Each structure stands twice: as C-alpha cells, then as structure tokens.
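In what follows, a single structure is set out as structure tokens and then discussed.
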Amino acid sequence: MTYNPRVIEPKWQQYWLEHETFKAGIDRDRPKYYVLDMFPYPSGDGLHVGHPEGYTATDIVARYKRMRGFNVLHPMGWDAFGLPAEQYAVETGTHPRETTSRNIETFKRQIQSLGFSYDWSREIDTTDPGYVKWTQWIFQEIHKLGLAYEAEIPVNWCPALGTVLANEEVIDGKSERGGYPVIRVPLKQWMLKITAYAERLLADLDDLDWPEPIKKLQRDWIGRSEGAEIIFDVVGHDVTIDVFTTRHDTLFGATYMVLAPEHPFVDLVTSDEQRSVVEVYKAEAARKSELRRQAELDEKTGVPTGGFCINPATGENIPIWIADYVLAHYGTGAVMGVPAHDPRDYAFATQFGLPIVEVVSGGDVANEAFTGDGTAVNSGFMNGLSTPEAKKATADWLEQHGHGKAAVSFKMRDWLFSRQRYWGEPFPVIHVDGEAKLVPFDELPVLLPDLDNFAPSGDFTTPLERVPEWINTTDPETGRPAVRDKNTMPQWAGSCWYYLRFVDPNNQQVAWSQEAERYWMPVDLYVGGAEHATLHLLYARFWHKVLFDLGHVSTHEPFQRLINQGMVQGFSYRYYDDNVDDADGGEVRRFQAKHVQPTLEGAEVDGIPVKPRWLAMSEIARDSEGRAVHPDDHDILLEEVIEKMSKSRGNVINPDDVVAAYGADSLRLYEMFMGPLEKAAPWSTEGIAGVYRFLQKAWRLLIDDRAEQEPLKELAEDAGTPAQVRLTALTVKGVTEDIEALRFNTAISKLMIWVRDIAKEGTVPREHAETFLLLLAPLAPHIAEELWARLGHATTLAYEPWPQHDEAAVRAETATMVVQVNGKLRDTFEVAVDINEEEAIATAMSSEKVQSFLSGADPKRVIAKPPKFVNLVV
RNA sequence: GCGGGUGUAGCCGAACUGGUAUAGGCGCCAGAUUUAGGAUCUGGUGGGUUUUGCCCAUUGGGGGUUCGAGUCCCUCCACCCGCACCA
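Written out as structure tokens, the structure reads:
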C-alpha cells in the first residue's frame, strides 16, 4: 500500500476528536492566541472550495502557534439565521429550523473531513435558544443606553422578498440577494444609533492591524466631513432651515435654497400657487426607484416652493426649491445652492435660470463651477481671504451672529435593524399603549412561534403578525394587554458578538464571564472575505464599543488583526443564444462571444438581443486544436471566463469530491499553494495533482511501500552530511519565516525542495525526518501525524515544540559572485563569503570573459559589493 | 465619474532593504520502467544560434532616475473590487 489519505485521514480526525486534542481552556502559564474564521452561513449547497481557503490559513496558524507554546483558541460555529432558509421554507413549506439543522450537519461533516483543529466543544449556532437569549440581552443593553429607537422612515422595501433591506443590502437599486427591485416606502422600524459612535469607529481604525484598503473603505463609509451648519430664516414663518456645508466660505454666493422633497418644512414654506406642483413633484420623487434615481444623475429636476428664506450674509431673500438631488438622509436634508462653486448647483441653476454669483476667484464661472481654492470676492467682510481663511472667518462670523457654527457631518446613517421576516431573532420587546417596553430578563429568550406558512404577505405585514396568540400578550408588570414586536432582527445580529460567546460558550448565567473575556480577547487573527468590509466588520465594532462602554468587555476593538483571503474562482465556459425569454423548444441560434455587442440592457448580435449561457467544465467538448467548443455545435467556440464560483456558472468545485480523490491534506496544501492568501486565483483541477505527488514523495521518502508490511525505510542515526544539515536548517528557517508572514505558498515550495533534495547524497537522518514532519504538520496534519507515529511516537505531534535552526548551519562558506560589465552579467565565480573588496575586484579582473568585454580599457568605475557582485563600468 | 487593487513563462506563481528575473507547481517534450495505458523515476522546457559553447531579448505599453530597476518616479493601457448627486 502506498500513501492512502482515505485511510489515514479519518483515523487521525477520529483520534483528535476522541482525545479532545484541540480543546482549549484558560491557562495563565502560556500566552494565549485567539485565531478566528468568519463563521459561515450554512447554505443548502454545502461547502465549496472557497470556504476552506480561509479556514486552512487559520488552521495552519492555530497549529503552528500551539507548537510554539501558545494556548490557542480556535472555534467554529454557524451564522444560521437568514434569508435562504426562509426562502426555501416559502417554496417548500419546510420549517427553516429543519433546513438549518440539516445544513449545519452537512457543513460540520464537510469541515471535519478537512481536519481543522477546532475546539468543537465551543461550537455555536446563532439560532440556538441559548444563544438567542444573549443576542436579545445585548439588544436590551443597547436599548437601555438609548441607542435603539423606533422611527417611521422611508425604507428600502423589496416586494419580491417581502421585506425591508438595509441600505447596505441594496446594490444599484436592487436587492443584494436575488437582485430584485427595491422601492422606498415609509414604515416603522427599529434603528440603532451607530452614528453616535461614528467618531470613535473612525478614530480607532488607526490602531488596527488591518489591510489599508479595508480601513479606507470603512473611513469612506463613515464619511466624516468638516464644515459648518448655517441657519437660514424663512420669510413669513417663524422657523429656520439649517443646512450643512463644507463650503461655508461661499455663503455670499448662495442664491437659492433646496430642500429634499421629504424635508419636514416643505408643506409649510410652499405657497398656495405652488402647492399643486410641489405635491406632484413630491409624489413622483417618492415613487422613483433607487435604480431610476441613479440612472438620471445628470438631469436635475425640481420645482420652486414659492417660499423664500434669507441669506444671512447678504441679507437677501432667496427662493426655496425642492429637488431630489438633495438627499433627505444626509446632513440636514437641505442645501444652500451655490451654483458658481458646486457643479450640481451649477447644473441646477443653469437649467432653471437661477443667478450665478462668483465668490471665489480663480475659475471661469461663466462656463463651469469652480470648486478649487481661490480668493474670496463679492463676499463683503471676507474679500481677499484665501479659501481656508474664509472658511475660518465665516465660521466665526456665523457663531458671533447666531447664524450657525462649525460642524461635522457623517455619511454613515443609523442602522436599520428590523426585518419583516420570520427566520431571525424576535425583538425582546412588547408594545403597551404604543410604548415599547423591554421584556424582563428572566423571560428571555423570546422564541419564535411555529408557523406553517412562511410566505411574505406582500402588504407590509410580517409573518409573525399572522400568529395572534403569539403577538398578543400581557405586560407582566401591569397585566395590561400588550403586543409583541412583529419584526425580527437582521442576520448581522448574531454575527455581531459570536466571537465573544466563543470565549465562554456554555455559560448559562451570563453571555460570557469576565474572566474568559479578559483572558482571550481580543481576537489576534481574524480571517474572512473582503465583502464584509463595511457591513459585518463595522456592525461588530459598533456593538463591541457599546459593550465596552457598559463594562462588559475590556478591549476597545474586537479584531486586532484582519486578513482578507482572496476568492477561489472557477473556470466557466460561455456562449450566447437568442432565446432571451428562456422558452422551451423552438429554433435557438447560438453565437460565440466575439460576435456579441454589449448593450445597456444586456447584449446583442446584429441588433438581435441575446443572452449569455454557461456550460459546466464536464459538459464542454474540445475541437481538434483542443479549444473549448459547444458539445452540439463545434463551430461555437466557448469563451473561457474566470469568475466567482456559482451554481449558475456551472463552475463550482465540491470539496467532498476533492477529498475523495486526493485527500484533505492535498486540498489544504493546494488551496495554500495557489498563491498569496489575499489574492484571488482560479481553481485548477490539474494543479492539485502536483501537491498530491509531493505528499506521495514525502511518504515514500520514509516508507518502503513496495515491501510487504510497508516498513519504515532505513534511516541514518547520525547528524547527517553537511549538505543535509544545511538544507534542513534552511528549510526550518524559511518555513518558519513564511508561516509567520502567512506566506504559505512559499513555505510549501521550500518543503518540496527539501523532499526533492534531502536524499540526493545519502540516507535521510531520522532527526531531519522528524524536523520535516513537524514543519509539515500545520499544513498537512494527517500525513504528518501518521508518519510521526510510524517513526515511533506514541502521541500526537500537535504540541511538539516547533523546530529551531542553527544560524551557523545556514551560513554558507562560499557564495556565487556575479561580475557585470556595464551592468550586464558576464561571468560568475564561487568565492569565499568573507572575500574583501580588493580581492573581489582582482578576481573579477582575472576573468578572460570579462577582459574580452573590457577590450583592454581600464574600467572608469568599479562598484563592488562582495561577495555578491562586482560591476565594471567602461 | 471618484477611490482602491492587480498586471512576471502556455497557466498558477517566486524574487528580503534596488544587485544572477522566472524558485516551486501545473502543462508540454524526451528517456527509463511497463504487454499497453496509468502511475512512478530522470532530464529538458524565454528566443536565436554555428548547441560541452556563444549571442540576444524579456516583468502590460512608453519615458525617466541609477553603475544597476520586476522593485523608485512620471505617463498611458487593460482587468478586478468598492463608492456613486454625501453639499
């Protein structure tokens, strides 16, 4: 028998489980290391090869850190509430609880088959009542701080999903999941005041060891800008309109005022003559989908209200308009129109004939808005000031005259925290006489009622409202009739704090003990996809800071170091056909990609609309030249596309198949060998054969697989030849450095070189073989354990000390010295590493080849860095 | 449109602070072994050439700094990812 992962992998997985090899507990004698994966949503499709990429990386680090003496916390769990299970319930009537537990079972089996060193005694399921209880408790804690409130606001309503979505879940006017259209309707919603933490969420990013692009994404999402709030008196009414602007220095150029159509004062300031047009415009704006709004960015629409306000700087009356280019939810929902110095205002003013007054010189406002810095003109007391000076002067003037003050505004909005869905955490809240009251702590968790129809109602009512016996309850305090909250929390709720539950997952009394939290937190390494840059990672940071303020956690930030693994992509094969309606039967014409023109709605060939089609790798045919072609029509060349794996593209690789064919160690190794962890790369079915061969070679290096009992090969009991000593020392040094830097691809290539070369000039010394197995263990743990055992060790190598190398052994005695003439390589020498400059130059000059390039002349200049190189310049 | 990232062989990729570009793997070619195929092992694999050798080119394109550039600077191009009227 040769290397057989199908036998040894289940054996060691069993061993680790039975011996609880990776169970972690508080141990103050060892430094702790908390390494965490973004836990998965257990979808019905099971794991695909993208999941294990990050999991393998964290597992390597976890195993490596254990061997370096760290007490490692490495847990796994399930983010199990969410839309897909509920959608499935809508379609099939299967209770999401059933779907969820089945999916979890599949995920767990698959993850365990890959040999990850999770402490399974800490497994978490966010839908478990024992977990929901504490999610609800945290909501109540947030509520007690006044950070949760209900508001009637226009929300993103998705008719197809029957729910509202957070702004972050709406992409290009369509739902992130499913791509259904989204419209805006006002509904009463729970909001979390994340904006109260904007300043800290921004500032504390500085100290995090996160990828800079992710930090920038969060900074931009938070969107802090400094400017001023300016108060405009409204003519004829006893109200003021506040605006936020970053260009308060242009106040003298504000020639009109624009309110968002949803602004609360619109009705008040509208004159009787204008009332009907304003009403029409408001209605249109409300109906407009996000998609259309964004498609029409260039054309500005709006109507005058007939009302006026007073520019506090000029004292002049300026007209008040409404226009949907002003966003209701940013700043104050009102903007002062300064056409000369803002391109949007310029377009608006030009279109509606509003006056354009230059107040900063430096541009040509007859042609376009000038947005740069310049010198204030037409600006009364500020004339002659530079733009920064003018801003300061305006802020001071506003404050002195009671017309406003310097102010800061954020792009980030409060977090819309309720969903009109079933499969989520119920709010631990009852409503008594229209007042929201928290459910007493000892009644937590508030569990979902059972349901047999999960379909969305389509009329803005929620699934929970259909269970009157659950909705209707009594206030335990007063005995008065009350109703439960009809909404559920969004999927983010459970993932906002799971990393805290992992430190003390079975605690019945508290969400986590202070002792466990102080010992384990923060997470030292967090690995997951970049798609969570602004959602999960911002929400979790927000909750963490709230919990910090309440004294429940001891760190400001939850995740000290973050790595984004790249996507594992797949090869897919594409062509087009003209069956755009997906009709059955009939004549269908196929086209290859090069004839297809992209259009606004899709694609076309010679004016005929066409639709892309994908073929799975297993379905394609090859023509005589080996090109991918359509199986039924070899004239249709298929376009090879590298893209995200998805069912619709037919390019999904199932890890079960890979494990069955090559084993978990090969899968792990290949995922890491594909390239840098952060970089996306396409899965190659051939590529995995290479790492499989490497493991086979490693096996045969130590095992005589031709002999009957597959005995251990003869190993040398001495220290090895100098070359072997150096090779092993170099490998220890290189692999250690690479793992520390998460460069697993180069670590693997160094191990490959070791296997290739160690037996070149003699028998493998036992000592070296053991060192190799320890280096291999984090990456390919099953084979390492098996060979370790066969070398005569009775217990797991999971806690063996990590190999050290001798610096002296790494140092070579000679080096290759390069001689260049005019920067071009002309000769090389083996020289002693301690050669001095003089000797190096003399050696270089002694070369006949070099002399021939010098053609007799003396070099004008000599640059020597012994023992690396000598460069002769003529 | 704005912001960020990436670009090295047929493919995935390596190259520490500027110092022999292309390590390692895949694929391909040849040889060995084998009844054959597969598997395995050995060697080769940028181009040219008069082939134990010699010469030349090359890191998306162009330009620059430097004795020397994949690496630094400018500029252009392609692809990917965010954001998108944020006043």
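Heads up: the first sequence begins at -18 in the numbering used here, then just goes up one per residue. C-beta atoms are modelled at their ideal positions from N, C-alpha and C, and glycine is treated no differently. None of these values were measured; they are calculated from a predicted model.
Give, in chain order, every unbroken run of the beta strand (DSSP E) that is at least 3 residues long and sits entirely within the stretch 205 to 241. 205 to 215, 221 to 226 and 237 to 240
What's the gap between the Cα of Glu695 and the Cα of Val745? 8 Å
Sufficient close CB pairs (3 or more, under 8 Å) joining the stretch 221 to 232 to the stretch 256 to 272: no
Going by the CB atoms, is the gap between Thr295 and Leu233 shorter than 8 Å? Correcting the residue identity first, residue 233 is Phe in this sequence and not Leu. Yes.
Between the C-alpha atoms of Phe435 and Ala70, what's the straight-line distance to the nearest angstrom? Here the C-alpha atom of Phe435 lies approximately 6 Å from the C-alpha atom of Ala70.
Assign Thr459 to one of two classes, buried (16 or more other C-beta atoms within 10 Å of its C-beta) or exposed (fewer than that). Exposed, since its Cβ has fewer than 16 Cβ neighbours within 10 Å.
Counting only the same chain and skipping the five closest in sequence on each side, list residues whose C-beta sits under 6 Å from that of Ala387. Ala209 and Ala376
4 or more residues per run - each alpha helix (DSSP H) lying fully within the stretch 656 to 729: With a minimum length of 4 residues, the continuous alpha helix (DSSP H) runs that stay inside the stretch 656 to 729 are 668 to 683 and 703 to 721.
Please specify which runs of the beta strand (DSSP E), each continuous and at least 3 residues long, are wholly inside the stretch 40 to 116, giving them in chain order. 52 to 54
Can you tell me whether Glu585 is helix, strand or coil according to DSSP? strand
Looking at the secondary structure, which residues open and close the beta strand (DSSP E) in which Thr295 lies? From DSSP, Thr295 is part of no beta strand (DSSP E); its letter is neither H nor E.
Under the three-state DSSP convention, the category Trp(-3) falls into: Three-state result, Trp(-3): helix.
Kindly indicate which three-state DSSP category Phe483 falls into: helix, strand or coil? coil
Pick from Pro(-14), Tyr480, Ala790 and Gly773 that is closest to Pro692, judged by C-alpha positions: Comparing Cα-Cα distances from Pro692 to each of Pro(-14), Tyr480, Ala790 and Gly773, the minimum goes to Gly773.
Please state whether DSSP places Ala129 in a helix, a strand or coil. strand
Mark His310 as exposed unless 16 or more other C-beta atoms lie within 10 angstroms of its C-beta, in which case mark it buried. exposed
For the beta strand (DSSP E) containing Ile544, list its first residue and its last residue. Leu543 to Asn545
For Phe422, does the count of other Cβ atoms within 10 angstroms reach 16, so buried, or fall short, so exposed? exposed
With H, G and I counted as helix, E and B as strand and the rest as coil, what does DSSP make of Phe333? helix
Reduced DSSP category for Ser629 - H, G, I as helix; E, B as strand; rest coil: helix
Helix, strand or coil for Lys467 per DSSP? coil
Any idea if Asn545 is buried or exposed, counting beta-carbon neighbours within 10 angstroms, 16 or more meaning buried? buried
Check the DSSP bridge columns for Ser252 and list the partner residues they point to. Note: Ser252 sits in no beta bridge, so no partner.
According to DSSP, which residues form a beta bridge with Ala641? Paired residues: none, contrary to the question.
Can you tell me which of the three DSSP states Gln170 falls into? The answer is strand: DSSP assigns Gln170 an E or B state.
How would you write the range of the beta strand (DSSP E) that Gly288 sits in, first residue to last? That run of the beta strand (DSSP E) goes Val284 to Ile291.
Quick one: is Tyr327 buried, meaning 16 or more other Cβ sit within 10 Å of its Cβ, or exposed? buried
If you draw a straight line from the C-alpha of Ile729 to the C-alpha of Val716, how long is it? 8 Å
Alpha-carbon spacing of Leu95 relative to Ala61, whole angstroms: 21 Å
State buried or exposed for Gly334, treating a residue as buried only when at least 16 other CB atoms are found within 10 Å of its CB. exposed
Is His576 helix, strand or coil when you go by DSSP? Assignment of His576 by DSSP, reduced to helix, strand and coil, places it in the helix class.
Within its chain, find whatever has a CB closer than 8 Å to the CB of Tyr780; leave out the 5 residues flanking it on each side and keep chain order. Arg47 and Met48
Would His749 pass as a contact of Gly701 if the rule is Cβ separation under 8 Å? yes
Inter-residue spacing [alpha-carbon to alpha-carbon] between Trp501 and His525: 15 Å
The beta strand (DSSP E) that contains Phe529, what's its start and end? Segment His517 to Asp530 is the alpha helix (DSSP H) holding Phe529; no beta strand (DSSP E) there.
Which residues in the same chain as Phe20 place their Cβ atom closer than 8 Å to its Cβ, once the five residues preceding and following it in sequence are excluded? Met57, Gly58, Trp59, Asp60, Ile105, Ser476 and Tyr479
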